[in-house]
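Numbering (UniProt numbering), first residue to last: 1 to 1193. Just so it is clear, CB atoms sit at the ideal spot from N, CA and C, and this is done for glycine as well. Single-structure report; data block below.
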């Protein structure tokens, strides 16, 4: 054992380049001390080994002997000063019995930090005085009481002289008995502890200074709770199929949650070996799993009905990679026969009822693991590889070494119920996690600021793993839509951050598990592989992994290996400009008769944004430019490469025009991490070339052109009509990736235009654009259909239905009703579309309840997710409020899924306001459930508020943040949420008019009738309103056009609104009356009355008792629908409270008049009124009801 400890300590010191000096006298003292210890204690054998191993080590290594930064604490002190500030000593007594209850009986003297010496500046890093070498860890979870008890015996090596051992322990742990034994000197004893809650520090104070290079054992008893959340050591449960529930205990420690399970040195560079013992029930199929294989299981230990399983000693690893599970899971198994190393078993564990869903994961993991061993040229280092499907899991998966844990949706696949997308999701997550066995586990980043070395690499290498398992999937082409495009958008905001950035506290650490770290990291690695070439990249990666195996690394370590292999450019210089500053460049192309002239600048989504954060590179990049010219054959030509340095003194890069070329296309297959803008004429040429032949450009280039064009248009660097014009080629597009890219963008534009007449126009345009593709993909999924074709079908049908394509909605409704009422079976690839849009097609609340019950009874995780999305898509606000309340019921919605459920509801126009209110009203409750340090809680905010487009909404969000200022792991998400709304407002100001004009022209044939009708309808109506608010006299004012009115202010109280509308009855035989109340763009049909006209003036009186109707401002006051030849027309009188929209909506020149107040009153928020007119085809009754609701705010 000591051999291993000493070698590990030696390696650790050498790797971390400790600046040390040790004199011969010190060395002699150490040897003498060892000899004395050998003669005076029972550790003679270990210390003899220690003497032999330390002698050569110490003779070549200097170890500083400076005092600890924490002041020495004497046995008599009750108040001490440490680095964290003043502490007050307290005494606690608890009880422990591993045989019966997990509650210890010990007396421990502790002190809790109350202040800091430098307010606002806290060092969260552990002192480097002591290093853990080995943990002997015993854990006993009590699944009935939801508690656990444990003992951690930690072997530590003192690097420096210190009288205090500092390690991590979270406040969720109750510390019991503590003992300390120095193997070199038995006179050392433990005195008391200081607890620093802010930093999660447990400070073990000793009776005297522990000398450098001493080996000691620190033993700590502790207890905790299994029901304190779904991180750390926690309980999960599942239905046993007979009405009962089975409980398991499992763990998830990344990044800083190991300290919630056991006292430890919870920093990634402090690797150690582990011997783990788990106490678990002996019956009901329960067993224990951990990183290593089982050494032995002893029955009736520590008592009858319990067993203790001991696992083999682990390899050296970080605390966040430790894992243990107590469960009744069953498993399937295969043997891995790798190209390098020994044969080892691969197993997939799941609940007994999910065994039939593990076969795909098992087969896929085997192929991917064998590929990785071959690709890296390094054997898998552990004796087994297990994967487990956990019913409650906060992340998609966790790469714990030797026992990878997954959310069920990320590993289980059923051919009868899972879609093609589900299958790809499972393959992708498995490929990602298994890549971590090398990137992250074998070689680990030294500190969390280098997290991209783990996650960025795994996010890129996973595509290689998936391609090895399914070479027919075309998976590499999907990188741009799955990783690149999203992060390009995020990185164009001020709220972004560099890949490598300083992080210190747990909240900051948790925050950087984000799109920048994962997707930007993967994107720049993809670019790196391209410019160094794949063979060189593979060789460099292999050298990096071999040199740093079982150790920790920084970015320079990887770049150094590649720099040695790449002579023509400094890999470090190139990559630093992409990893050590935030943002991305846009390369602008200009041309003259002989040359193309390139310039670079930082790309920002809002060109008026004011950046206050400086960059070490001045926001310039060392860009690997690739390009093809119009004269190149896209099927055979290789892209040319040229470097654009980040030297500010060389602002331009010149490319000589190839003879006969009419255009140049940069960033071949969008592999480079940059955007490109071209002259207008060149954009037009691209569109013309694509309309002639879509294969003029590769799939990646077509997708890149679309993505760049709209991003540039969003930022006002390209007029929006040019980006929209490019979409016309899509009628001939048959590939999934470009369609997926444009589907996402069209939906985003439509959301921004929701309050404008151009909302209707983009709906019409999208229906026309997708029509041919809908007919091409159809609703029949062939048994042998290709993977990409299946993904294309789902994308096209979802796009069509989301834009109200009549045939698509009709088919979705038909299949939905057949499934709901007749038990019809829907193909898995169609279920998400049928469920989501079928439930919107005129179904009743009773039908929604039927779907809810199916959701409740469903055990398949993927099917359950599809049903949840459908339930959240129902177009009824009251029902959405009910679903939000139900999301707290863990028997219905698992805790891991609640935040997703809220976001699904917010994505529904009928649920957006309800979700936002729910979050605001229940924020303390959400924080209590998830913790302010849960990054997914913080990220929910920009998701829920992402479609807000008004200053009033921005103010609401600012007020919310002011009310709850503690951001925890959501600080970045809060900045992004605010910036998103501001960007939405700016987008409308800059682009709405241009977009509306282009859409109007593109959809002109459908609008001719409306223009003719406006002049006729302007003579049809005269209006007079009266209102009674809570039986109180109506407030002023009088409207200037002679129509007296007193309109209700924005308020929650119920009120009664009476409406009368004289009509020219001779012109219309039938009138449909609709009264609609619009809340923050949430439509709610209040009443529909069909009134026959017989020479009288129709009157409609409506009473409202639902106070929810009046949460906020946009109130629709009256709608009349009249039948005319060939169409139906609807007139609306709308009253706008402040702030008046600017610019005012202008739907097809149908604003017939505006009203202003003679005497504005603060209690009456309405400022302007307008009459709007809309028309639909005469067969509108076949459309879903929400199609009749006017979408203007």
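A check of alpha carbon separations from residue 857 across 240, 182 and 527 identifies 240 as the nearest. Going by DSSP, residue 425 is part of the alpha helix (DSSP H) stretching over 420-435. Note on residue 524: 16 or more other CB atoms within 10 angstroms of its CB, so buried under the neighbour-count rule.
In the DSSP assignment, the residues bridged to residue 445 are 553.
Using a C-beta cut-off of 8 Å, the segment 644-660 makes no contact with the segment 678-698, since fewer than three inter-stretch Cβ pairs fall below that distance. Where residue 506 is concerned, the enclosing alpha helix (DSSP H) starts and stops at 506-511. DSSP places residue 137 within a strand segment (E or B) once states are collapsed to three. Residue 532 is bridged by DSSP to nothing; it lacks a bridge partner. For residue 851, the enclosing alpha helix (DSSP H) covers residues 845-857. The shortest C-alpha to C-alpha distance from residue 463 to any of 368, 192, 450 and 772 is the one to 368. Around the beta-carbon of residue 907, 16 or more other beta-carbon atoms lie within 10 Å, marking it buried. Around the CB of residue 389, 16 or more other CB atoms lie within 10 Å, so the residue is classed as buried. The residues 420, 421 and 736, in chain order, have a CB closer than 7 Å to that of residue 791 in the same chain once the five nearest residues on each side in sequence are set aside.
Scanning its chain for C-beta atoms nearer than 8 Å, with the 5 sequence neighbours on each side dropped, one finds around residue 536 the residues 562, 565 and 566, in chain order.
Excluding residues up to 5 positions away in sequence, 486, 487 and 490 lie with their Cβ nearer than 8 Å to the Cβ of residue 515 in the same chain. Using a Cβ distance threshold of 8 Å, residue 189 and residue 201 do not count as a contacting pair.
The Cβ-Cβ distance between residue 442 and residue 558 does not fall below 8 Å. Here the alpha carbon of residue 496 sits roughly 12 Å from the alpha carbon of residue 603. Looking from the CA of residue 417, the closest CA among 893, 472, 357 and 379 belongs to 357. Secondary structure at residue 438: coil, using DSSP grouped into helix, strand and coil. In the three-state scheme derived from DSSP, where H, G and I count as helix and E and B as strand, residue 795 is classed as helix.
Taking the C-beta atoms as reference points, residue 324 is found no nearer than 8 Å to residue 398.
In this structure residue 352 is not in contact with residue 385, their Cβ atoms being roughly 22 Å apart against a cut-off of 8 Å. The beta carbon of residue 710 is closer than 6 Å to those of 723 and 745 in its chain, skipping five residues each way along the sequence. Take the alpha-carbon of residue 794 and the one of residue 889: they are about 31 Å apart. Between the alpha carbons of residue 715 and residue 811 lies a distance of about 38 Å.
Of the residues 596, 450, 413 and 469, the one whose Cα lies closest to the Cα of residue 434 is 469.
Contact fails between the segment 127-141 and the segment 169-180, because fewer than three Cβ pairs, one in each stretch, are under 8 Å apart.
Cβ-Cβ distances below 7 Å link residue 596 to 589, 655, 657 and 664 in the same chain, with the five nearest sequence neighbours on each side left out; the list follows chain order. Straight-line measurement puts the Cα of residue 986 at about 15 Å from the Cα of residue 494. Annotation for residue 866: 831, 832 and 835 place their beta carbon closer than 6 Å to its own, counting only its chain and skipping 5 residues before and after. Residue state for residue 824 is assigned as coil, using DSSP reduced to three classes. Boundaries for residue 871: no beta strand (DSSP E) harbours it, while the alpha helix (DSSP H) harbouring it runs 861-871, taken from the DSSP string. Residue 600 is not a Cβ neighbour of residue 580, given a cutoff of 8 Å. Contact annotation: residue 483 and residue 502 have beta-carbon atoms that are not nearer than 8 Å.
Residue 774 has its alpha-carbon roughly 16 Å from the corresponding atom of residue 782.
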